[in-house]
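Please read the structure below before turning to the comments.
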Amino acid sequence: MSAHFDVPALRAQFPALHQSVNGRPLIYLDNAATSHKPLAVLTAMDAFYRRDNANVHRAAHTLSARATEAFEAARGTVARFVNAARPEEIIWTRGTTEAINLVANSWGASLGPGDEILLSTLEHHANIVPWQLLAQRQGVQIKVIPLTTTGELDLAAALALLSPRTRLLAVSQVSNVLGTVTPLARLIAAAKSEGALTLVDGAQAAGHLPVDVQALGCDFYAFSGHKLYGPTGIGVLYGRHDLLEQMPPWQGGGEMIRKVSFAGTRFNAPPFRFEAGTPPIAEAIGLAAALDFLTNLPDGWRQHEADLLAQLCDGLDALPFVRRIGRPSEQVGVVSVTFDDWHPQDAGELLDQMGIACRVGHHCAMPLMEALGLDGTLRFAPALYNTREEIAATLAALARLPEFF
Ligand SMILES: Cc1ncc(COP(=O)(O)O)c(C=O)c1O
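Going left to right, the sequence shown walks through residues 1 to 405 as full-length UniProt numbering numbers them.
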């Protein structure tokens, strides 16, 4: 139990939670899509625009110096959050999607026929389509790790698919549909022993699990700010420094160059080589505030999240008309359901009428839906600011659904 974790005090820091929707108090269970933002983030971004607003790097004036200092300090905060060896291993992106596209376009440029990339069935489209584009461009082959019946990655199959032809293993740490925590340590060790690099899609993991890129031993790690209490429009690619140094730029413009002439251009060092143009400055500062907020939370929030998910799963299992999708041995953040007789969309709309926000659809994981034989699910994604009462109210609302169909 999470008795010592003061949820009401925490909720007081999230203005958006305190509103009525459709005449009912909002119960926000769509945190896997995006989370709400604490005052610390709103204040940090507001203060930047009110006081320090200027472009970063290069300028001679005081505001720019302040903006640059805050912006680069934010990079340092992210480096500490993921335990990178140095801040230069942190590249700002628009989100997980752009981070993966960066690796596919830059590192991926050296791949060709005979090279393989190993993905898994439960990947988000953000970790599928960039590799398919690369495969089309350069004749690379994509292999896919299948799932077990409980919704976990089939480790034996994964090990059999790895070979010296595998150049990259790119998998999620946590599934955005099933909540499955993937066996990253085993997969990364096996990929390394075949000489492959590894990329972790941490979009659904970084807001729930501790992240330590050095302990994981991955080469790339991607996540989005908006899913862990930060702003939209900002995300992170962690990359091992020696790799980044060898990688070509993928977008050209200001900031990413050392010297430009019409005879030729010399590129900047990482991370700037991968950050063409004016970066999302206020968003980087907002993300650092979110990470500080998360890092300084009182103990017990992860247990609180686990308790909420367990309460939700148990309650769902007690409803005879609800089918819970996947039973992974380790599950974090989300749970998906379907209904024997109704479409998830209809159920989602009825819940919305009762003030409950959840998500329906394929969740940008169409290959997973195909493997599960489904066209969509209804997904609940509680976060640290949700309460036991909200979960109970959601289960009670679900129990009433048969009245409406
Ligand atoms: C597992 C996973 N990967 C990638 C993404 C893409 O994140 P973004 O849209 O922030 O780039 C998401 C978003 O839902 C996700 O859940």
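Cβ atoms here follow ideal geometry from the backbone N, Cα and C, with glycine treated the same way.
A quick note: this is a predicted structure, and the numbers were derived from the prediction, not measured.
Residue i Cβ short of 8 Å to ligand 1 heavy atom set
{"i": "G286", "result": "no"}
{"i": "H362", "result": "no"}
{"i": "E123", "result": "yes"}
{"i": "H208", "result": "no"}
{"i": "G230", "result": "no"}
{"i": "E98", "result": "yes"}
{"i": "K37", "result": "no"}
{"i": "residue 406", "result": "Given a span of 1 to 405 for the chain in the structure shown, any question on residue 406 remains unanswerable."}
{"i": "A33", "result": "yes"}
{"i": "Q13", "result": "no"}
{"i": "V332", "result": "no"}
{"i": "N176", "result": "yes"}
{"i": "D201", "result": "yes"}
{"i": "S120", "result": "no"}
{"i": "N105", "result": "no"}
{"i": "A126", "result": "yes"}
{"i": "S224", "result": "yes"}
According to DSSP, residues forming a beta bridge with residue i
{"i": "D30", "result": "A381"}
{"i": "K259", "result": "R266"}
{"i": "R24", "result": "V21"}
{"i": "Q141", "result": "E116"}
{"i": "R324", "result": "V337"}
{"i": "V181", "result": "V174"}
{"i": "Y221", "result": "V200, Y238"}
{"i": "L169", "result": "L118, T198"}
{"i": "L244", "result": "L244 is not bridged to any residue."}
{"i": "W92", "result": "V236"}
{"i": "residue 407", "result": "The chain is shown only over 1 to 405; residue 407 falls outside these bounds and no answer can be derived."}
Neighbour-count burial assignment, residue i, 16 or more Cβ in a 10 Å radius
{"i": "Y49", "result": "exposed"}
{"i": "E69", "result": "exposed"}
{"i": "E389", "result": "exposed"}
{"i": "W107", "result": "buried"}
{"i": "M1", "result": "A caution first: M1 carries a pLDDT of 47, below 50, which makes its placement in the model unreliable, though a value can still be read off. By the neighbour-count rule (16 or more Cβ atoms within 10 Å), M1 is not buried but exposed."}
{"i": "V260", "result": "exposed"}
{"i": "H61", "result": "exposed"}
{"i": "P25", "result": "exposed"}
{"i": "F405", "result": "exposed"}
{"i": "T394", "result": "buried"}
{"i": "L312", "result": "buried"}
{"i": "A74", "result": "buried"}
{"i": "E72", "result": "exposed"}
{"i": "F262", "result": "exposed"}
{"i": "L308", "result": "buried"}
Span of the alpha helix (DSSP H), counted from its first residue to its last, around residue i
{"i": "K227", "result": "Unbroken run through K227: none, as it is neither H nor E."}
{"i": "G286", "result": "281-295"}
{"i": "I100", "result": "96-105"}
{"i": "A397", "result": "388-400"}
{"i": "V174", "result": "It is not in any alpha helix (DSSP H) - V174 carries neither H nor E in the DSSP assignment."}
{"i": "P8", "result": "7-11"}
{"i": "C313", "result": "301-317"}
{"i": "A371", "result": "366-372"}
{"i": "T43", "result": "39-47"}
{"i": "P344", "result": "344-353"}
Enclosing beta strand (DSSP E) for residue i [first to last residue]
{"i": "A84", "result": "Counting along the chain, A84 falls outside any beta strand (DSSP E), and DSSP gives it neither H nor E."}
{"i": "V213", "result": "That residue, V213, is in no beta strand (DSSP E); its alpha helix (DSSP H) goes 213-216."}
{"i": "T198", "result": "197-201"}
{"i": "G361", "result": "359-361"}
{"i": "G235", "result": "235-239"}
Contact under 9 Å by Cβ, residue i with residue j
{"i": "G239", "j": "V103", "result": "yes"}
{"i": "A205", "j": "V181", "result": "yes"}
{"i": "G225", "j": "G95", "result": "yes"}
{"i": "L153", "j": "L134", "result": "no"}
{"i": "S175", "j": "V334", "result": "yes"}
{"i": "S336", "j": "G348", "result": "no"}
{"i": "N127", "j": "V177", "result": "no"}
{"i": "F339", "j": "C358", "result": "no"}
{"i": "G315", "j": "L398", "result": "yes"}
{"i": "A40", "j": "D292", "result": "yes"}
{"i": "F274", "j": "L237", "result": "yes"}
{"i": "H304", "j": "F5", "result": "yes"}
{"i": "T150", "j": "A196", "result": "no"}
{"i": "E98", "j": "H241", "result": "no"}
{"i": "P279", "j": "L244", "result": "no"}
{"i": "A203", "j": "F220", "result": "no"}
{"i": "E235", "j": "T93", "result": "It is worth fixing the name first, because residue 235 is Gly in this sequence and not Glu. Going by C-beta atoms, G235 is nearer than 9 Å to T93."}
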